[in-house]
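Residue numbers (the numbering used here): 12 to 268.
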């Protein structure tokens, strides 16, 4: 989530992190309205409340925290980009330039979702909007991350969640205040996502500089419930910022910056 009119601030998505869910700002022209669903669309198996510990079944299955899972990322600089000499798995476009692998980037305060968007959360959106989707997207366990979501549908989820939280009397007061103060819910920029994932010290992974199978799901055996891996060393208390599934941002896939 971001404030659209903050002076000298960049626009920003809760993730797919007012909040960036891992979500910041989405311009209205990016909103995509999908066609209504036909009467035969299925939403998958009934939700099992025992699989949703830590989530609010009365709050669109968002995390059961004071901010419904939105975590504040403080304003300030961080080191963006990847040095191939240190991170051998980095993509070529993650270098800052041909001369400099990394660069200091200053960002304003934003919020991001503590977890990836879950099947239960996306199903609540589909049920409320009659969005037409592939039913297989909604057949995984409700506390697993939703997958195979198009970029327009990810944006549509963000806009729906923003409107829903604005209008609901049950929205936590702090969250409602931010939304009324011109903050918006949308996809994070690449810079916002990277700062939330790696922190401010330039580490390669959220927990340090070496891959660890006890910190992330990256063995290729399918998804795991969000937040399954304890990571006390990860910045900002976020989960699954490495591993599990890829996340959308609002930035084009192109070389930095």
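Even glycine gets a Cβ: it sits at the ideal position worked out from N, Cα and C.
Give me the DSSP bridge partner(s) of residue i.
i	result
residue 196	DSSP lists no partner for residue 196.
residue 219	216
residue 127	Note: residue 127 sits in no beta bridge, so no partner.
residue 87	118
residue 67	73
residue 82	123
residue 156	129
Using beta-carbon positions only, say whether residue i and residue j come within less than 8 Å of one another.
i	j	result
residue 128	residue 249	no
residue 173	residue 260	no
residue 162	residue 140	no
residue 75	residue 65	yes
residue 222	residue 79	no
residue 253	residue 208	yes
residue 90	residue 113	yes
residue 149	residue 137	yes
residue 115	residue 247	no
If we count the other Cβ atoms within 10 Å of its Cβ and call it buried at 16 or more, is residue i buried or exposed?
i	result
residue 216	buried
residue 97	exposed
residue 38	The predicted position of residue 38 is uncertain, since its pLDDT is 28 and thus under 50; no value can be drawn from it.
residue 181	exposed
residue 212	exposed
residue 61	At residue 61, the pLDDT of 47 sits below 50, so the modelled position is not reliable and the matter cannot be decided from this model.
residue 165	buried
residue 92	buried
residue 206	buried
What does a CB cutoff of less than 8 Å around residue i pick up in its chain, not counting 5 residues either side in sequence?
i	result
residue 155	129, 130, 234, 235, 236 and 237
residue 135	71 and 72
Identify, in the order they occur along the chain, each residue of the same chain with its Cβ nearer than 6 Å to the Cβ of residue i, setting aside the five sequence neighbours on each side.
i	result
residue 242	218 and 226
residue 245	217 and 218
residue 228	235, 254 and 255
residue 151	130
- Task: Would you be able to state if there are at least three C-beta pairs under 8 Å between the region 213-227 and the region 184-199?
- Result: Short answer: they don't touch.
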